[in-house]
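> Structure in structure tokens, see below.
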């Protein structure tokens, strides 16, 4: 397929790199070490890389960590070997980077986006868990790559290597985007507002795994990008001594508990999938004090933007009523959202055609039900609004544990397969596209 | 009344001391600075003071903080002026101290116990709050004297001063106990097991405030010491991606929320007061992850030990059933308990007689409904089991906010009144007692 | 004691009568047969009896049954042997009656009130249940004397017999009140408004059982008459097909379920006992229809009128918030209330003195904790407001099952004891009272 | 289209008939009058009709009404004009009937099934509701045709009329099934077990409405037949006096309320639609009695049999845990279920072809998302298991209110359209089929 593949793409190198990302996971807005490491690799290939404030917009910057926490992570990244100049450029949450690979021939502009952030999950250390057994388990407390973004980052580097080695055949140029803060659903918005995908005629995203496809099966498109709405609810009541004057308290914890169960009970919507989760519940100051404050982190999803709006409206209504029920005050804080989106039929057909010839790909399917949210839809919206086309690949693998579980792990063969798929698409779509120029 | 009172008991000094305690509050097992400061005052009076491991039993030691937190508090105490040798002796949670005041004449052994710990509450900084306005608001984040134990500690020092100045009239000896960890309901147990009250013929406790008695009213006894049971409930489920596979999660947060509302709904007991509180709720790892762990801190109370047992049994049953409901595992961890107790009628009558003549006391009542729990009942149990007698005083004051509220404050006149009441009781009971020798 | 007791008061006759009442129980406003039977007995004694509209006020009439149900019960009563003319006079809920027994000598007016209504409970037919074993179990479906009012009615008849036989010694006159609708908390109000107790210098109520006192123990007074508030809550939402469009429904059943659990969770009040019950829950129209209507019957109680108000206010607030939570409408309907009340100390002392000499009474206690509500407090209020005095007797007996349980039963010895106590009080109080004339 | 259509099918007659069915609705197992009226019409056409025990199997008979209620409905049907001999034949729940229409030519056996039962909903009497305005609103209390089965029954009669008039062109024979008890999901099972569809080569069902298709649009097939599971949960606790001994009760009502909210909160399943409804909640015996019994009627659904099983298993688990939580006993009673099913592609294609030419049909769609359950799937299972094919038509109409709502109404034009579609299918499929003989 690639004229120069086996000579350049050492799957074992990408696997090493993925394990390094896995060992040092960082959450959205704090991907200091991860980004620095990616830039190292890209600059080794001689590629121009943009990073720091040039790939973000201040008003959409999404870092949620305190300045102290951010500095702590920068220092930690430095101690873990990150280049200080890169860290300085990223200080304050300007993480992620963009490389541009110019082809030798004219052609379209093709965006390829991978995401690089981790989750606040404490990784299991059980010996049955491969990262634990093979000594690349996360060394960052309560932080884990449990969604495969370590593999995505390695795939991105693999694409860069392949395309650099095949630059002669590349028509047009590739914008290779290493996006931070996907789990926050906010990173794509900041980069999109900075114009990162504004020139793209085509856009490709990628995700590994999802519901136990066999290795070798690749989906050329997905359905079921769920629209999503995220908010925090903060309940404020009145503290009182739980023994001496319980009736004088206004119990914020009880209000939040009632809100929780009733939000989970929002009726299903007959038009399509809906979701609701109360992901975090933090309340109370002491065992013998009627709790005067409770915090909930909440998200709703829907198969359509309308279904998601129904869920979000009901959830907020329930929080308000639960606060009233316990005579508490309530504040809700918006924490991100994105719409639903659809892959472009024409591009999908072309993608199927091209993927059928990629090494390691045994079967190409379409319309895989994603059943989750991805902030790449913000980039889809931008590209499609400008007349471009977009799709998302799924690189199949069986799951040993669900995504976002502390036992999640990947089949490392997906790294090489994913890199080859995306690189071949860049070469193939560009070639086709160039005919139209 | 006292032969040498106005010459020695400068109320303003005690008020200063109370404000100092208020400014540097410390929770149970971490009262390093508070204890060191009390020892300073007692040693200034020339009193022998026991502290450290001699006033505790290792197996009942109650410190719940991690070693890191404990060291942090020791260092902080040092920076705030505490004597390093005292801190070394207390390291590891051996806080509190006991002073013995020997009278000039033979007589009974009289225990007087004050408690000294604070609560994990963030004190308000509103200007209407006197400690904020007069600049002695807590400087320790999320820690506050919101139950008056700062006043109790100052009262204890006042008692020492008064009795030292009146040693000639004192028959027998006074064991003056500055007890830590009352809010944990565990400090009295550790000191009692170490024999601190084993010799006491009489025991007096004291509390300021409680339900807005006017200043000048003192209760010579209380009813309604609520029996109490404390436990933590830890729910463990299974994490899963909230969008991709919600049905694969087992939601520990939802189980805990259901347990919470239903525990609050445990039926009232017709035989007397009962209480239930879920004081803290901490659950979840991320907004988009089905929560696999939830922590609740729970306490039940009852007007009798039997009622409390009913409440505790129901609460544990509900937690277990809520875990089953969400297919979660549950672990409950015992966190302390104490029984109900009654004041001794004979001692109460004598107390009424003596208090009627104390300066500042305008009215003496009995059988004040305490309506809360006090771990002094553990000391009551020990003293009464050995044939001694015990009672608890309430030094009345109006409340500007309930106990355990972030606006709680005291009327500082109670400090002098409380000290005089207890000192006069030591002198009076001793005198009476000595007749029987 | 009584000059003519054994000659007149055949305990076995009263027991037969009680069993007859037990066999034909009738709920509040429908005591047609029960009243007719009582009138029979009273008229046999030659007593003038008032009944029908003369002992009620139309605007306070409390019947809740539909006209159909009322007619059904009148017909049933006729078939069960009730006199048609009496039934006609009572038609429409004018149940209960009042007999006046004039003493031979001047003296005070003494009210004695017994209640006669039953509960909507299906009585057990287990052979271990004495009424089942001895064949006087209720023949009225879903209706049962599970609170002892069958015994109270028999006691009232016994009092009439005893006083008629001792009329020569009776100073003043006795107003003997057979009150309907006590369980509704509304019967006393209607009779009081009609002036039934307006002339009473003294008023006595009576209850059998309550918390397993031994037979032979009688309480001369009670504390803990709980204030009570009763209301219905009707939630109205929107029906929808549960499969086809669940999100279009507004689920009244779910709102009521949430209201229920949270009302049970209203915080205890530190000043004294409180109660909350959701006694009935009726909702929904079909399994596959989102329920558009739900009905709850609710009552709150409190040791004081203020505590009850706290409970009632919280309960209504919670219902409203639960309706909001599910976007439902709510209507609350007041269904009766009464205050707390206290027995008069002076009368209680006199009662103790008199009861000590009654045959069958082995021990007289006071201040028995009633722990429930009694609408006799409405009569207390009236008598006490006019300068009279009132108290309530408890005729002790062990309980085989709690009051209002389908296994509830009485120890039939309480009937004779209760009748003698009340008759002796009439004779004794009257005698004393006459001295003052 | 039909050779003899306008001459026979008077839409206005069918509308009259539908209005008559609407005025006298009957729920499953009690369709006495409805069936008798249908038989009248069929016999007027000279068709042989089977009914009574010949179209049911005793062991699958589904009547849930008591014998009293059944007799009440039979008497009512007689008073409303039903033929006594038919009522006698149906006594005990043997409702519904089957007519056979033999074609003049050989051909396949074609089943056409319409359902005829109503719902326990009180129909609105608001003037904006056409049946109220035009005086055919339900005269049966708490019973209403709110799902269009009145129209289905009229359509069935229309099909009979059309086919009788076109018997010459009919190849094969038509089994015309008027099925009772669809809303119970049990009627199809009883008829299927009696062999009603055992000979069918093809089977057609029909439903009017569903999600506001315009009149003139017809769906030739549906997806989303939801699998369904129905059960009752009966909670049994212990009654007690709510004021006197609340802690002695075991609150079945509270257990059921907790079960309700938590069942509604069962997590969505990522593989497809799920549903849960608690349709009825009946609990308690009196306001002041801790409720000892609660009844819930519950149903779950799922896009697949597996999803439905997940929902049903979780629902039963939650009920059990809620019972444990309140120390209650629980009994669950199975009340019917059916699987998911799929329409046969080959038959659907043929159906599309034939429907395109039916008078009044402007647009034919396929794969309409049914989003609900239909017990016709039991007949599908039987026919498909024997090698036959089946599909379900949707006769589109806008909805003024959702199905199962008390304002539900139909656009009466669907009756004629539905009858013509089914009759034309019988003629067309038979004709095609005959070619293969």
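Chains as they are written, first to last, in our numbering: chain A, 14 to 450; chain B, 14 to 450; chain C, 14 to 450; chain D, 14 to 450.
Each residue gets a CB set at the ideal place from its N, CA and C atoms; glycine is no exception.
Within the 8 Å Cβ cut-off, does residue 278 of chain A reach chain D?
For residue 278 of chain A, the answer is yes, since a Cβ of chain D falls inside 8 Å of its Cβ.
> So with CB distances below 7 Å, who are the chain C contacts of residue 46 of chain B?
Those within 7 Å of residue 46 of chain B in chain C number zero; the least Cβ separation is about 33 Å.
> Using a Cβ-Cβ cutoff of less than 6 Å, which residues in the same chain neighbour residue 293 of chain B once the five nearest sequence positions on both sides are dropped?
Counting only Cβ-Cβ distances below 6 Å, and skipping sequence neighbours, we find 310.
> Assign residue 409 of chain A to buried or exposed, taking buried as 16 or more other Cβ atoms, counted over all protein chains shown, within 10 Å of its Cβ.
So residue 409 of chain A counts as buried.
> Could you name the residues of the same chain whose beta carbon sits closer than 6 Å to that of residue 163 of chain B, not counting the 5 residues immediately before and after it, in chain order?
So the qualifying residues of the chain are 31, 34, 35.
> Just verifying my parser: in three-state terms, what is the DSSP assignment at residue 60 of chain A?
Correct three-state label for residue 60 of chain A: coil.
> Which of helix, strand or coil does DSSP assign to residue 309 of chain D?
Strand.
> What do you reckon, are the CB atoms on residue 124 of chain A and residue 184 of chain A nearer than 8 Å?
No; because the gap between Cβ atoms is not below 8 Å, this pair is not in contact.
> Checking 8 Å against the spacing of the C-beta atoms, do residue 104 of chain C and residue 129 of chain C come in under that value?
No. Outside cutoff.
> Closest Cβ-Cβ distance between residue 190 of chain C and chain D: below 8 Å?
Output row for residue 190 of chain C: interface = no.
> Is residue 358 of chain D buried or exposed, if buried means 16 or more other CB atoms sit within 10 Å of its CB?
By the neighbour-count rule (16 or more Cβ atoms within 10 Å), residue 358 of chain D is not buried but exposed.
> Answer yes or no: do residue 423 of chain C and residue 314 of chain C have a C-beta to C-beta separation smaller than 8 Å?
Going by C-beta atoms, residue 423 of chain C is not nearer than 8 Å to residue 314 of chain C.
> At 4 residues or longer, and completely inside the segment 144 to 180 of chain A: list those alpha helix (DSSP H) runs for me, N to C.
List check, alpha helix (DSSP H) in window: 162 to 178.
> Taking Cβ-Cβ distances shorter than 7 Å, what residues in chain A pair up with residue 283 of chain D?
Neighbours of residue 283 of chain D on chain A, chain order: 384.
> So residue 452 of chain B contacts chain D; which residues on that side make the cut at Cβ distance below 7 Å?
It is not possible to answer for residue 452 of chain B, since the shown part of chain B is limited to 14 through 450.
> Under a Cβ-count criterion, where at least 16 other Cβ atoms within 10 Å of its own Cβ denotes burial, should residue 347 of chain C be classed as buried or exposed?
Classification of residue 347 of chain C: exposed, given that the 10 Å Cβ count is below 16.
> Below 8 Å between beta carbons: does that hold for residue 277 of chain D and residue 325 of chain A?
Taking 8 Å as the Cβ cut-off, residue 277 of chain D and residue 325 of chain A do not qualify as a contacting pair.
> Is it true that the CB of residue 383 of chain C sits closer than 8 Å to the CB of residue 169 of chain C?
No. Outside cutoff.
> Skipping 5 residues on each side, what residues in its chain have a beta carbon closer than 7 Å to that of residue 17 of chain D?
Its pLDDT being 49, under 50, residue 17 of chain D is placed unreliably by the model, and the measurement read from it follows with that caveat. Closer than 7 Å at the Cβ level, and outside the excluded window around residue 17 of chain D, lie 178, 179.
> Using the three-state DSSP reduction, which class does residue 279 of chain C fall into: helix, strand or coil?
If DSSP states are grouped into helix, strand and coil, residue 279 of chain C belongs with coil.
> So is residue 321 of chain A in contact with chain C if we call contact Cβ pairs under 8 Å?
For residue 321 of chain A, the answer is no, since every Cβ of chain C falls outside 8 Å of its Cβ.
> Residue 391 of chain A and residue 338 of chain A: beta carbons closer than 8 Å?
No, Cβ-Cβ distance for residue 391 of chain A and residue 338 of chain A is not below 8 Å.
> Drop a sphere of 10 angstroms on the beta-carbon of residue 370 of chain C, count the other beta-carbons inside from all chains shown, and report buried for 16 or more, exposed for fewer.
Residue 370 of chain C should be labelled exposed.
> Report buried or exposed for residue 146 of chain B, applying the criterion of at least 16 other Cβ atoms within 10 angstroms of its Cβ.
Exposed: under 16 other Cβ atoms inside 10 Å.
> Which runs of the beta strand (DSSP E) at least 3 residues long sit entirely within the segment 63 to 121 of chain D? Give them in chain order.
Segments of the beta strand (DSSP E) lying fully in the segment 63 to 121 of chain D: 110 to 115.
> Are the beta-carbon atoms of residue 209 of chain B and residue 216 of chain B separated by less than 8 Å?
No; because the gap between Cβ atoms is not below 8 Å, this pair is not in contact.
> Along the segment 152 to 164 of chain D, where does the CB come closer than 9 Å to a CB of chain C? Name the residues.
Within the segment 152 to 164 of chain D, the residues whose Cβ lies closer than 9 Å to some Cβ of chain C are 155, 159, 160, listed in chain order.
> Could you name the residues that DSSP lists as bridge partners for residue 342 of chain C?
C:249, per the DSSP bridge assignment.
> Sort B:188, B:205, B:187 by Cα distance to residue 195 of chain B and report the nearest one.
It is B:205.
> Going along chain B, which residues have a C-beta under 7 Å from residue 267 of chain D?
Under the 7 Å cutoff, chain B gives 278.
> Between the segment 245 to 260 of chain C and the segment 244 to 257 of chain B, are three or more C-beta pairs nearer than 8 Å?
As far as the Cβ criterion goes, the segment 245 to 260 of chain C does not touch the segment 244 to 257 of chain B, which means the pair count is below three.
> Determine the DSSP secondary structure at residue 35 of chain D, reduced to helix, strand or coil.
Here residue 35 of chain D sits in helix by DSSP.
> What's the C-alpha gap between residue 154 of chain B and residue 413 of chain A?
Looking at the two C-alpha atoms, the distance is approximately 44 Å.
> Would you check if the distance between the CB atom of residue 131 of chain B and the CB atom of residue 40 of chain B is smaller than 8 Å?
Yes; because the gap between Cβ atoms is below 8 Å, this pair is in contact.
> Answer with yes or no whether the minimum CB distance from residue 327 of chain C to chain B is below 8 Å.
It does not: the Cβ of residue 327 of chain C has no partner Cβ on chain B nearer than 8 Å.
> Contact between the segment 255 to 262 of chain D and the segment 424 to 431 of chain D is defined here as three or more beta-carbon pairs at a separation below 8 Å; is this criterion met?
Touching, no, given that fewer than three Cβ pairs across the two stretches are closer than 8 Å.
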